[in-house]
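Colleague: Residue numbers in the sequence shown follow numbering that gives the first Met the number 0, run continuously in steps of one, and reach 190 at the last position.
Next up is a structure, given as structure tokens.
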Amino acid sequence: MRSIPGYVRIAVTVLLVATVCSGCGYSMKSSLDPKYQTIHVAGFKNQSREYDLQAPLTNAVIRKFINDGRLRVVNKGTADLILDGTILDYQLRGFTFDDDDEVTQFEMSVYAQVRVIEPRSGDVLWSSDNLSGETNFSVANITSPTNRLRGNTRSFLSDVRSFQTEAENQAASEALENLASTIFYRTIEPW
């Protein structure tokens with residue numbers, strides 16, 4: 000009787016381990032209660048000193064839910080969940096400086112208060128008084144605030160046109176996009 004070669008035993012062991020472990024790992028399934036199928040995203044309010052931030056943030060959040068598809072975006076009267084929020088603050092800080100103490104790179108942050116409620120019961124699914132979206136942008140390189148967003152992602156950013164420079168407008172769009180992602184993931188994965 001011939002014995003099974005070592006490489007065959009190793010291959011079978013690897014295959015068995017892979018089969019057992021295939022149930023572990025990333026899943027597109029949400030940990031959100033399956034009774035929630037729809038969401039209404041109310042227009043964000045803006046209490047910051049900057050204007051033109053609320054529509055781009057609202058649009059970015061809506062687009063996140065539409066692209067994902069786990070919660071359908073609907074009107075307020077038929078929604079299982081309602082998301083509303085207020086932009087609280089916009090901050091621009093010097094991040095790096097040159098030899099003359101001039102800012103060469105800025106850090107931009109947008110802060111918001113957000114809550115998601117179940118309209119039928121009035122229960123709050125989650126809320127936060129201090130969510131943020133941040134980005135950095137360089138004064139010298141006004142064509143690209145950062146390299147964090149890759150590929151065609153920039154084409155989906157909502158325009159912000161309230162600032163003096165194109166670099167700051169692009170950075171505001173990116174900070175709002177980052178904030179929208181935080182809001183989306185917090186809603187889809189409420190743990």
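Where is the CB? At the ideal position from N, CA and C, for every residue including glycine.
From a predicted model like this one, the values you see are computed outputs, not experimental measurements.
Secondary structure at THR134, three-state DSSP: helix, strand or coil?
Modeller: Numbered from 1 along the sequence shown, position 135 holds the residue referred to as residue 134. Correct three-state label for THR134: strand.
Colleague: Express the C-alpha separation of VAL60 and ALA78 in angstroms, rounding to a whole number.
Modeller: On the sequence shown, residue 78 is found 79 positions in, with the first residue counted as 1. On the sequence shown, residue 60 is found 61 positions in, with the first residue counted as 1. Approximately 16 Å between the Cα atoms of the pair.
Colleague: Since VAL72 and THR57 are thought to touch, with beta carbons under 8 Å apart, how far apart are those beta carbons, to the nearest angstrom?
Modeller: Position 73 of the sequence shown, counting from 1, holds the residue named residue 72. Position 58 of the sequence shown, counting from 1, holds the residue named residue 57. So it is not a contact: roughly 11 Å between Cβ atoms.
Colleague: Do the CB positions of LEU175 and VAL123 come within less than 8 Å of each other?
Modeller: Indexing the sequence shown from 1 puts residue 175 at position 176. Indexing the sequence shown from 1 puts residue 123 at position 124. No, they are not a contact pair.
Colleague: With distances taken Cα to Cα, identify the nearest neighbour of TYR50 among SER137, LEU87 and GLY76.
Modeller: For the purposes of this step, residue 50 is taken as the residue at position 51 of the sequence shown. The shortest C-alpha separation from TYR50 is found at LEU87.
Colleague: Output yes or no for whether 8 Å exceeds the beta carbon distance between THR103 and SER137.
Modeller: Counting from 1 along the sequence shown, the entry for residue 103 is found at position 104. Counting from 1 along the sequence shown, the entry for residue 137 is found at position 138. Closer than 8 Å, so yes.
Colleague: Please return the same chain residues whose Cβ sits closer than 7 Å to the Cβ of SER180, not counting the five positions on each side in sequence.
Modeller: Taking the first residue of the sequence shown as position 1, residue 180 is located at position 181. Result list for SER180: LYS63, in chain order.
Colleague: Should PRO33 go down as buried or exposed, given a rule of 16 or more other Cβ atoms within 10 Å for buried?
Modeller: Stepping through the sequence shown from its first residue, residue 33 is reached at position 34. Under this definition PRO33 is an exposed residue.
Colleague: Hey, quick one: how far does the alpha helix (DSSP H) through PHE64 stretch, first residue to last?
Modeller: Walking along the sequence shown from the start, residue 64 turns up at place 65. First-last of the alpha helix (DSSP H) with PHE64: 53-67.
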